[in-house]
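One structure is given below, encoded as structure tokens.
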Amino acid sequence: MSKFLPDRAVRALTTPISISVRRALYSHTARGVSGSTSTIRGTKGSGWRNRLGVAAIRTRDFRSTHPAMSDPSKAKSESEWRAILSPEQFRILREKGTERAGTGEYDKFYQDGVYTCAGCGTPLYKSTTKFKSGCGWPAFFDAIPGAVTRHEDTSFGMSRTEITCSACGGHLGHVFKGEGFPTPTDERHCVNSISLKFVDEKDKN
Numbered sequence: 114m115s116k117f118l119p120d121r122a123v124r125a126l127t128t129p130i131s132i133s134v135r136r137a138l139y140s141h142t143a144r145g146v147s148g149s150t151s152t153i154r155g156t157k158g159s160g161w162r163n164r165l166g167v168a169a170i171r172t173r174d175f176r177s178t179h180p181a182m183s184d185p186s187k188a189k190s191e192s193e194w195r196a197i198l199s200p201e202q203f204r205i206l207r208e209k210g211t212e213r214a215g216t217g218e219y220d221k222f223y224q225d226g227v228y229t230c231a232g233c234g235t236p237l238y239k240s241t242t243k244f245k246s247g248c249g250w251p252a253f254f255d256a257i258p259g260a261v262t263r264h265e266d267t268s269f270g271m272s273r274t275e276i277t278c279s280a281c282g283g284h285l286g287h288v289f290k291g292e293g294f295p296t297p298t299d300e301r302h303c304v305n306s307i308s309l310k311f312v313d314e315k316d317k318n
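Following this line, the structure appears as structure tokens:
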């Protein structure tokens, strides 16, 4: 990649990025569902910024409609998932899409209860682990043990950690470490609201 991009562009791809830049990349993902013709918007000019966008698209190869799962009872065919999920749920949960920042139902939602997988109903996060991160998506500092599986994601020329529902393989979002939030784990599970369904504490009794 360094043959085509200046050093500053390579550094941008291989070092941690700020929340504002990450939000722009997530918004790009939400705009370009198929990932085949979309581009990352740069500022003025058509230099390395545009080539950076092309490189990001070329590396966007982790997308799959058959995510890994650990519970065979949750397995469904693509047609079965389409029948029970809304088009937007299918795009995010099964095709690894992303909702626009600040638009999710649970971004600024802080009631007591449990967040389950919107696809299969498996409990994923307790409300006691949710915190205000200001990133534009629901943020949790930890998941219910065993509920979430981590995968390497090298899309956009970066190395990130994707998180999925361990039971059905539904895409949840990404987890980021070392951002300095005052939480017990110093992790931020950045989760799409549409991947979740909230169960109120009172409804469980």
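For the sequence shown, my numbering assigns the number 114 to the initial residue and increments by one for each residue that follows.
Yeah, the Cβ is synthetic: ideal placement off N, Cα and C, and Gly gets one too.
Note that the coordinates shown come from a computational prediction; the quantities given were computed from them, not determined experimentally.
What's the call for Thr229, buried or exposed, on a 16-neighbour Cβ count within 10 Å?
Numbered from 1 along the sequence shown, position 116 holds the residue referred to as residue 229. So Thr229 counts as buried.
May I have the straight-line CA-CA distance separating Thr216 from Ser272, to the nearest angstrom?
The residue labelled residue 216 in the question sits at position 103 within the sequence shown. The residue labelled residue 272 in the question sits at position 159 within the sequence shown. Cα to Cα, the separation comes out at about 26 Å.
beta-carbon Arg204 near the ligand NAP non-hydrogen atom, thresh 7 Å:
No copy of the ligand NAP appears in this structure; indeed no ligand is present at all.
Taking the CB atoms as reference points, tell me whether Ala196 and Thr235 lie closer together than 8 Å.
Counted from its first residue, the sequence shown places residue 196 at position 83. Counted from its first residue, the sequence shown places residue 235 at position 122. 8 Å or more divides the Cβ of Ala196 from the Cβ of Thr235.
Using DSSP with H/G/I as helix, E/B as strand and the rest coil, what is His179?
As a first step, residue 179 must be located in the sequence shown, where it is residue number 66. Note on His179: pLDDT 48, under 50, position unreliable in the model; the coordinate value appears next. Three-state DSSP puts His179 in coil, outside helix and strand.
Alpha carbon to alpha carbon, what distance is there between Leu206 and Val146?
Residue 146 sits at position 33 when you count from the first residue of the sequence shown. Residue 206 sits at position 93 when you count from the first residue of the sequence shown. Only weak support exists for where Val146 lies, its pLDDT of 37 falling under 50; the value from the coordinates is given anyway. Cα to Cα, Val146 sits roughly 13 Å from Leu206.
Out of curiosity, what's the CA-to-CA distance linking Thr274 and His284?
Sequence index remark: in the sequence shown, residue 274 carries index 161 (1-based). Sequence index remark: in the sequence shown, residue 284 carries index 171 (1-based). Take the alpha-carbon of Thr274 and the one of His284: they are about 12 Å apart.
Tell me the rounded alpha-carbon separation between Leu198 and Gly232.
As a working mapping, residue 198 is identified with position 85 in the sequence shown. As a working mapping, residue 232 is identified with position 119 in the sequence shown. Computed Cα separation, rounded: 7 Å.
Please work out which residues of its chain come closer than 6 Å, Cβ to Cβ, to Asp255, disregarding the five sequence neighbours upstream and downstream, and give them in chain order.
The count along the sequence shown starts at 1 and reaches residue 255 at position 142. Hits under 6 Å: Thr242 and Thr298.
Does DSSP put Ala252 in a helix, a strand or coil?
Working through the sequence shown from its first residue, we reach residue 252 at position 139. DSSP places Ala252 within a strand segment (E or B) once states are collapsed to three.
Alpha-carbon to alpha-carbon, Lys221 and Glu191
For this step, residue 191 is matched to residue 78 along the sequence shown. For this step, residue 221 is matched to residue 108 along the sequence shown. Rounded to whole angstroms, Glu191 to Lys221 spans 32 Å at the Cα level.
Please classify Tyr219 as buried or exposed, where buried requires at least 16 neighbouring CB atoms within 10 angstroms.
Mapped onto the sequence shown, residue 219 falls at position 106. It counts as buried.
Contacts around Ser246, its chain only, beta-carbon distance under 6 Å, and the 5 residues preceding and following it disregarded
Taking the sequence shown and counting its residues from 1, one reaches residue 246 at position 133. Close CB contacts of Ser246 within its chain, under the 6 Å cut and outside five residues either way in sequence, are with Ala252 and Arg301 (chain order).
Ile257 versus His264: straight-line alpha-carbon distance, rounded
Residue 257 sits at position 144 when you count from the first residue of the sequence shown. Residue 264 sits at position 151 when you count from the first residue of the sequence shown. Distance from the CA atom of Ile257 to the CA atom of His264, rounded to whole angstroms, is 17 Å.
Return the chain-ordered list of same chain residues with a C-beta closer than 8 Å to the C-beta of Trp250, the five sequence neighbours on each side being excluded.
In the sequence shown, residue 250 corresponds to position 137, counting from 1. Excluding positions up to five away in sequence, the list reads Tyr139, Glu212, Ala214, Gly217, Asp220, Gly286, Cys303, Val304, Asn305 and Ser306.
Would you kindly work out how many angstroms separate the C-alpha atoms of Phe289 and Phe244, rounded to a whole number?
Here residue 289 refers to the residue found at position 176 of the sequence shown. Here residue 244 refers to the residue found at position 131 of the sequence shown. Cα to Cα, Phe289 sits roughly 14 Å from Phe244.
Kindly indicate the opening and closing residues of the alpha helix (DSSP H) around Arg263.
On the sequence shown, residue 263 is found 150 positions in, with the first residue counted as 1. For Arg263, there is no enclosing alpha helix (DSSP H); the enclosing beta strand (DSSP E) has its first and last residue at Val261 to Asp266.
Among residues of its own chain, excluding the 5 on either side of Thr262, which ones have a beta-carbon nearer than 6 Å to its beta-carbon?
Here residue 262 refers to the residue found at position 149 when the sequence shown is read from its first residue. Closer than 6 Å at Cβ, skipping near neighbours: Thr277 and Ser279.
Rounded distance between the beta-carbons of Cys281 and Lys326, thought under 8 Å
In this structure the chain extends from 114 to 318, so residue 326 is not present and cannot be described.
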